[in-house]
């Protein structure tokens, strides 16, 4: 999924970016609250990882403004502060989860996965679509008895389509969810990934239909 | 109270002090009162008895008459009755015409006739038959009698002495009771007077808890004027302690907060290294450097903040300190591709009164900042100048500088300015510089070096 990291500490941001990119997510990074607000207004992020201590407006303020303008994006707060007050405040302001620095990498990954599942309205890690089983915690995909090996972009496409199986996902939305700003994207990168994914799922898995001029749809059956 | 071995020596108790302070003056006052009382009592006893004596004298003198050329008198018994008393004083009398005895005791000491008045009886002490007596005497001039008639009545002094003694005894007894009472009152009076002090002590003791010391001003009832300065000084002490502890608490919180981010970086990068990332080791290296620097800076700042432990002022040679600070930073400068140079007049002396280690830490942090926030190929200049305001230590760089609006903020602890995309800093460098400058009594000023930042530390003439 597409994740925005709002963190002013460059080394930490670099670390979290490599970590989450390796897990197949598309990551964008900004270092200030104002930048976060302007980027989040235009890009369809599934998750914002928001540091509380930012140089301009703090993370709480960013969260409050996001919620005030009706943005329901999932927000995971990161804080270096100790107090329980901060956690309560963050959750009250509409944060979906909260993590204190220094955090365990496994915990960050697990929470990101959990938040990703909740986005689809279904928090269970396993999802069945026709003969296909997707485990969103482990990233394992099976069709029948067959384990499908996916590259991380293909996984991102499948995850995005599976979350809205049976619905048309517009090309632009899919593009925005799968690629970050900085990803080197060729004009037909999305098509290439969709095509590869489609061939890997065939013949017994669910079909990915192209709705010409609109987008893509993963068949429910 | 005998102080046992090892117990600390105690000052005299307040009760003793008050007792000692009061006893002397009280005894002196009692003695003075005794002397005055004795004089007054003697006077009153003398006057009263003299009046009785005078009464008897008058009654006898009344009866002296001339009958057919002969002086006669009729001694009234009532006159002597007046003089009877419990002490059985002896009463003597003598009535004479001129020198010739009419009746009475002939050897009663005769008066000096010339000075004796006919109006007022005269009283005097005399010696008679081995005893002190008081004589009342009056003169009467009778018609057709050549010589003046002299009437004398005398009594011994036993009654007078006894009366005076009784009165004196009563007076002295009263005084002793008064002094004793005053001394006995010291303890309860002191207890009552010191009750506000006990309340104050209770209020102070209530603060002495291990849990979370309450450093707000004491809340006591209205205090006597004598205790108000004490309570005020205690409140001031509490307030200073409060400032110090909250500064310490803030600092600890800030410091731990500051360590969390590099620790997170370490954790993330260690995980990535385990998964085979090539980048991770370099990042781990950087993060540990950063933690190390943060730790060093925190310690330096704590030292610069430490109150009251500075050694005496010494002459600090700024040229020597600058050279040392530059040689400490030269490797860092080479790695960052920054030229580092000292600009000072070879012949001039740049010596200021201060503390060498503080000047060194301050300069070292300034140079560190200047290298860190510079551009590759940039320059850092440490310059020494002298002008009317004093000796100046100037560090300038070619970095992005700090906008005027953010300069005050830049000196705050853990301040990291917006839009900083350069190397990670702790935000402590300028705080250390400022704290050191403050302790050295030097003036710190940030200026635009167009481009870059110029930091000017001015040591006053005196320091």
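Protein chains in written order, with this note's numbering: chain A, 1 to 221; chain H, 1 to 463.
Heads up, the beta-carbon is just placed ideally off N, CA and C, and yes, glycines get one too.
A quick note: this is a predicted structure, and the numbers were derived from the prediction, not measured.
On the three-state DSSP scale, how would you describe residue 360 of chain H? helix
Would you identify the three-state DSSP class for residue 316 of chain H, choosing helix, strand or coil? Three-state DSSP puts residue 316 of chain H in a strand.
Starting from residue 344 of chain H, trace the beta strand (DSSP E) in both directions and tell me its first and last residue. From DSSP, residue 344 of chain H is part of no beta strand (DSSP E); its letter is neither H nor E.
For a cutoff of 8 Å on Cβ pairs, would you count residue 67 of chain A as touching chain H? no
Can you tell me which of the three DSSP states residue 541 of chain H falls into? Since the first residue of chain H shown is 1 and the last is 463, residue 541 of chain H is not available in this structure.
Would you tell me roughly how many angstroms separate the C-alpha atoms of residue 450 of chain H and residue 291 of chain H, rounded to the nearest one? 32 Å
Neighbouring residues, chain A, relative to residue 335 of chain H (Cβ below 9 Å): Those do not exist, as residue 335 of chain H stays about 17 Å from chain A at its closest Cβ, beyond 9 Å.
Say whether the region 106-115 of chain H touches the region 70-83 of chain H, bearing in mind that this needs 3 or more beta-carbon pairs closer than 8 Å, one atom from each stretch. no
Three-way DSSP call (helix, strand, coil) for residue 387 of chain H in this model: strand
Residue from H:440, H:396, H:43 and H:345 with nearest C-alpha to residue 448 of chain H: H:396
Does the beta carbon of residue 453 of chain H come closer than 8 Å to any beta carbon on chain A? no
Can you tell me which residues form a DSSP beta bridge with residue 155 of chain H? H:91 and H:134
Measuring straight from C-alpha to C-alpha, what distance separates residue 368 of chain H and residue 264 of chain H? 25 Å
Does residue 80 of chain A come within less than 8 Å of chain H when only Cβ atoms are used? yes
Pull up the distance between the alpha-carbon of residue 3 of chain A and that of residue 90 of chain A, whole angstroms please. Residue 90 of chain A has its alpha-carbon roughly 19 Å from the corresponding atom of residue 3 of chain A.
Closest to residue 212 of chain A by CA distance: which of A:203, A:171, A:176 and A:60 is it? Nearest of A:203, A:171, A:176 and A:60 to residue 212 of chain A, Cα basis: A:171.
Just the chain A side, please: which residues come within less than 8 Å of residue 275 of chain H by C-beta, in chain order? 22
Could you tell me whether any Cβ in chain A is nearer than 8 Å to the Cβ of residue 269 of chain H? With a threshold of 8 Å between beta carbons, residue 269 of chain H makes contact with chain A.
If we count Cβ pairs, one from each stretch, closer than 8 Å, do we get three or more for the region 151-162 of chain H versus the region 35-52 of chain H? They touch, by the three-pair rule.
Assuming contact is defined by CB atoms lying nearer than 8 Å, are residue 47 of chain A and residue 62 of chain A in contact in what I supplied? For the pair residue 47 of chain A and residue 62 of chain A, the CB atoms are not nearer than the 8 Å cut-off.
Proximity of residue 154 of chain H and residue 128 of chain H at Cβ, strictly below 8 Å: yes
Is the beta carbon of residue 93 of chain A less than 8 Å from the beta carbon of residue 114 of chain A? Result no, Cβ atoms of residue 93 of chain A and residue 114 of chain A do not sit closer than 8 Å.
Could you check whether the Cβ of residue 252 of chain H sits closer than 8 Å to any Cβ belonging to chain A? no
Given residue 472 of chain H as reference, the closest of H:315, H:322, H:150 and H:262 once Cα atoms are compared: Any question about residue 472 of chain H goes unanswered here, given that chain H covers just 1 to 463.
Straight-line CA distance for residue 327 of chain H to residue 341 of chain H? 10 Å
Measuring CB atoms only, is the region 138-148 of chain A touching the region 198-211 of chain A, in the sense that at least three cross pairs come out at less than 8 Å? yes
Mapping the DSSP letters down to three states, classify residue 257 of chain H as helix, strand or coil. Three-state DSSP puts residue 257 of chain H in a helix.
Which residues of the region 2-28 of chain A have a Cβ closer than 8 Å to any Cβ of chain H? Give them in chain order. 8, 9, 10, 11, 12, 14, 15, 16, 18, 19 and 22
At a Cβ threshold of 8 Å, is residue 295 of chain H touching chain A? no
With a threshold of 16 other CB atoms inside 10 Å of the CB of residue 182 of chain A, please say whether the residue is buried or exposed. exposed
Would you identify the three-state DSSP class for residue 288 of chain H, choosing helix, strand or coil? Correct three-state label for residue 288 of chain H: helix.
According to DSSP, is residue 67 of chain A helix, strand or coil? helix
Thinking just about the alpha-carbon of each residue, which of H:407, H:167 and H:248 is nearest to the one in residue 37 of chain H? H:167
Burial state of residue 192 of chain H, where buried means 16 or more other Cβ atoms lie within 10 Å: exposed
Using a Cβ cut-off of 8 Å, pull out every chain A residue sitting near residue 286 of chain H, in sequence order please. Within chain A, the residues placing a beta-carbon under 8 Å from that of residue 286 of chain H are 11, ordered along the chain.
Close beta carbons around residue 57 of chain H, own chain, < 7 Å, minus the five adjacent residues each side: 121, 136, 138, 151 and 153
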